[in-house]
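So that you can map any letter, position 66 of the sequence shown is 66 in UniProt numbering, and since no number is skipped, the others follow by simple counting. Glycine included, every Cβ here is placed at the ideal spot set by N, Cα and C. Have a look at the structure below before the remarks.
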Amino acid sequence: MWGIIATWRMALEGVSESASALAGGSAATASVVDAVVAVEDFPLYKSVGYGGLPTENGEVELDAAWMDGDTLAFGAVGNLVDIANPVKVAQALGRQRYNSLLVGQGAREWALSQGFAEKKMLTERAMQHYRKRCRETLDKGLSPYDGHDTVGVIALDQRGSMSVATSTSGLFMKKRGRVGDSPIIGSGFYCDSQIGAATATGVGEDLMKGCTSYEIVRRMEQGMTPQQAADSVVYELEDKLMSRFGRAGDLSVVCMNRKGEFGAATNIKTFSFVVATASQPLTVFRAERVKEKTHYQPVDDAWMQAYADRIRAPIEE
């Protein structure tokens with residue numbers, strides 16, 4: 001058995017390549033990184049890597065993480081500036097005994113010392129989004145925060161090993177130095193090859209309040225199916241936030257157990273995910289909440305075309 005699952009349609013191309021690699025015997029640890037790199041390198045995806053949306057200061061600060069489910073080793077970076085493919089830096093940190101999570105200038109200095117490529121990550125298209133949002137915030141009183149779609153990828157290889165990786169530019173117009181859930185072990189990601197793995201996307205400040213990814217894996221260990229674990233964690237967290245805090249942001253997750261069974265849950269209407277396994281052909285699903293359960297169905301050609309048109313649409317400044 002092998003399998004791979006990822007958050008959002010933007011992961012499709014990378015997942016497609018990694019699915020073929022997994023079917024051919026490639027390792028999960030490399031496959032998740034390769035799938036994330038494909039997203040990081042595509043400039044029209046405005047919430048990850050090159051072309052990611054900037055902070056309120058007009059800078060792109062990137063977060064990423066990687067975890068090996070066999071050893072529980074992990075590496076993560078936060079607020080990484082102008083280094084290509086932060087997920088590769090995270091993977092390299094995961095090979096270190098100490099200093100697994102580095103942020104800001106320290107993360108950048110370490111990446112450069114290890115030979116990682118320097119790259120200007122802010123694109124003109126991202127700056128167009130930035131200028132437009134600055135005006136909207138000033139003129140219309142709109143919230144500056146938008147765009148928090150983390151790419152998270154889980155893989156199971158034919159040896160039974162599992163791995164997970166994440167990458168994001170975080171909240172659009174975030175404060176300099178802000179770190180969300182994506183590079184935080186247990187919140188944005190968690191993986192144990194003896195049980196399964198989970199990864200999250202949405203408002204990091206809320207996802208961290210539930211240690212979301214770890215809790216999903218814990219419930220799978222207790223006997224829940226991936227779908228049961230995903231649904232119960234997301235909706236219990238949302239209920240808790242509403243009762244204790246008065247509001248809940250976007251909460252979406254995907255997960256997979258060591259058998260290759262998968263699950264997804266969301267509290268929004270626009271969540272999509274990509275999955276392929278030895279028994280499940282590569283598919284993009286659109287997920288939607290129905291009461292306390294998540295229902296999903298394959299997207300059609302019209303949905304895919306609308307998606308392509310949307311990400312390529314000119315920005316009206």
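Where the beta strand (DSSP E) containing residue i begins and where it ends
i	result
residue 1	From DSSP, residue 1 is part of no beta strand (DSSP E); its letter is neither H nor E.
residue 86	No beta strand (DSSP E) holds residue 86; the alpha helix (DSSP H) holding it covers 86 to 93.
residue 68	62 to 68
residue 156	151 to 156
residue 263	262 to 266
residue 276	272 to 277
residue 167	162 to 168
Contacts around residue i, its chain only, beta-carbon distance under 6 angstroms, and the 5 residues preceding and following it disregarded
i	result
residue 262	5, 226, 256 and 275
residue 62	80, 86 and 169
residue 101	76
7 angstroms CB neighbourhood of residue i in its chain, flanking five on each side removed
i	result
residue 149	8, 47 and 201
residue 82	118, 119, 120 and 121
residue 27	157 and 161
Residue i in three-state terms, based on DSSP
i	result
residue 226	helix
residue 282	coil
residue 184	coil
residue 256	strand
residue 237	helix
residue 190	strand
residue 97	coil
residue 118	strand
Residue i burial status per 10 Å Cβ neighbour count (16 or more: buried)
i	result
residue 216	buried
residue 290	exposed
residue 270	exposed
residue 99	exposed
residue 88	buried
residue 304	exposed
residue 281	exposed
residue 183	buried
residue 40	buried
residue 91	buried
residue 239	exposed
residue 12	buried
Extent of the continuous alpha helix (DSSP H) run through residue i
i	result
residue 71	Residue 71 -> no alpha helix (DSSP H), and no H or E assigned at all.
residue 29	28 to 40
residue 212	212 to 221
residue 306	301 to 312
residue 105	104 to 113
residue 19	12 to 23
residue 204	204 to 207
Rounded distance between the beta-carbons of residue j and residue i, thought under 8 angstroms
i	j	result
residue 197	residue 162	5 angstroms
residue 230	residue 294	7 angstroms
residue 173	residue 55	7 angstroms
residue 151	residue 167	5 angstroms
residue 319	residue 210	No answer is possible for residue 319: it lies beyond the span of the chain, which begins at 1 and ends at 317.
residue 79	residue 177	6 angstroms
The ligand ATP heavy atom lying under 7 angstroms from the CB of residue i
i	result
residue 25	Summarising the ligand content, the structure contains no ligands, and the ligand ATP is consequently not present.
Same chain only: Cβ atoms within 8 angstroms of residue i, ignoring 5 sequence neighbours per side
i	result
residue 175	55 and 56
residue 58	122, 127 and 130
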